[in-house]
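Visitor:
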Amino acid sequence: MASAAGLKKHAPSPIPSLRDDKTIELADMFKMLGDPSRLRIVIATLEGPRSVGEIAEALGLSLSLVSHHLRLLRAARLVTADRRGKQIFYMIHDQHVAHVIADMIAHVNEDAE
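Using this note's numbering, read the sequence shown as starting at 28 and increasing by one per residue.
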């Protein structure tokens, strides 16, 4: 555990209020990201639009498993889909989600002090 002296000082950011129903929605989003396969899929979409096949191949997962997870991630508004002809490409839903994921990746990759 870091000491108070070792903590970086940041200007306090105003914390937005959150209604009970939105608190549940946010908790559900974090639960979605609690599954390693789903988290890896979301991270894969940070690189830009990718098809189910591209994601499955890159992660070594089956097409059916990736499709299942993508349905859940779309319902949770973590990824979005873009149809191009007969193929569907998946990408991160928006920059809010991208920033949360990128910040948490940076956090876990920090050297422990």
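Don't be surprised by glycine CBs; every beta carbon is placed ideally from N, CA and C.
Please list the terminal residues of the continuous beta strand (DSSP E) segment that includes A103.
Guide: By one-based count along the sequence shown, residue 103 stands at place 76. Element bounds for A103: n/a, residue is neither H nor E.
Visitor: May I ask you to report which of helix, strand or coil DSSP gives S89?
Guide: Looking up residue 89 in the sequence shown gives position 62. Coil, per DSSP.
Visitor: Pair every Cβ in the region 68-78 with every Cβ in the region 119-136, then say whether three or more of these pairs are closer than 8 Å.
Guide: At 8 Å Cβ cutoff, the stretches touch.
Visitor: Among the candidates D55, A133 and R65, whose CA atom is the shortest distance from the CA of L88?
Guide: In the sequence shown, counting from the first residue as 1, residue 88 sits at position 61. The candidate whose alpha carbon is nearest that of L88 is R65.
Visitor: Determine the closest residue to L105 out of R111, L97 and G112, with distance taken between C-alpha atoms.
Guide: Start at 1 with the first residue of the sequence shown, and residue 105 comes out as number 78. Nearest of R111, L97 and G112 to L105, Cα basis: L97.
Visitor: Between which two residues does the alpha helix (DSSP H) harbouring I42 extend?
Guide: Translated into the one-based positions of the sequence shown, residue 42 becomes position 15. From DSSP, I42 is part of no alpha helix (DSSP H); its letter is neither H nor E.
Visitor: Can the beta-carbon of D48 be found less than 9 Å from the beta-carbon of A103?
Guide: Along the sequence shown, read from residue 1 onward, the residue named residue 48 stands at position 21. Along the sequence shown, read from residue 1 onward, the residue named residue 103 stands at position 76. It is not a contact, given that the beta carbons lie outside the stated cut-off.
Visitor: Let me check understanding here. Comparing Cα to Cα, which of D109, P41, D130 and Q114 lies closest to H4?
Guide: Nothing can be reported for residue 4, as the shown portion of the chain is limited to 28 through 140.
Visitor: Using a Cβ-Cβ cutoff of less than 7 Å, which residues in the same chain neighbour V93 once the five nearest sequence positions on both sides are dropped?
Guide: As a working mapping, residue 93 is identified with position 66 in the sequence shown. For V93, where only same-chain residues beyond five positions count, the Cβ hits under 7 Å are I68, V79, I82 and A83.
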